[in-house]
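What follows is a single structure, written as C-alpha cells, with notes after it.
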Amino acid sequence: MASSSMTSSRSSSWTAKQNKQFEEGVVTYDKDTPDRWHKIARGVSGKTAEEVRRYYEALEKDIMRIETDQVPIPNYNSRGYGGRF
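Under the working numbering, the first residue of the sequence shown is numbered 1, with each subsequent residue one higher.
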C-alpha cells in the first residue's frame, strides 16, 4: 500500500516494531510538544529525529491524497475470490 511519496521519503525501511514505537510516540507527543521529533525518535529504535519527521510528513501526504480522492479505488472483481468476501 505504500505510495510513491512513502517510498521516496524513506531512506531505510521501517519494521513493524518501529512503526508501533512511532505510533506510540505520535500519540504521546502532540504537535505542540517542544522537541517533538527528538522525543519520538528516542522511543523508535534506530531512527533519528529527522527520519521520524520525514516519515510523519510522508504519512500526512498519503492521507491528504486519500482524502482528496487522488488515490484510485481498486477495481476488485469477484473472480478468483469465489464471489465471497
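The C-beta atom is built at its ideal place from N, Cα and C for all residues, glycine as well.
Counting only the same chain and skipping the five closest in sequence on each side, list residues whose C-beta sits under 8 Å from that of residue i.
i: K31; result: none
Since residue i and residue j should fall inside the 8 Å C-beta cutoff, what is the C-beta to C-beta distance between them, to a whole number of angstroms?
i: A41; j: T48; result: 6 Å
i: Y56; j: V26; result: 7 Å
If we call anything under 7 Å between Cβ atoms a contact, is residue i one with residue j?
i: W37; j: R54; result: no
i: Q70; j: G43; result: no
Should residue i go down as buried or exposed, given a rule of 16 or more other Cβ atoms within 10 Å for buried?
i: A16; result: exposed
i: D35; result: exposed
i: N77; result: exposed
i: G46; result: exposed
i: E60; result: exposed
i: E24; result: exposed
i: E134; result: Residue 134 lies beyond the stretch modelled for the chain, which goes from 1 to 85, so this question has no answer here.
Strictly under 7 Å for the Cβ-Cβ distance: is residue i near chain B by that measure?
i: E51; result: In the structure shown, chain B cannot be found, because there is only a single protein chain.
Here's a check: name, in chain order, each residue in its chain whose Cβ is nearer than 6 Å to the Cβ of residue i, leaving out the five neighbours to either side.
i: Q18; result: V44
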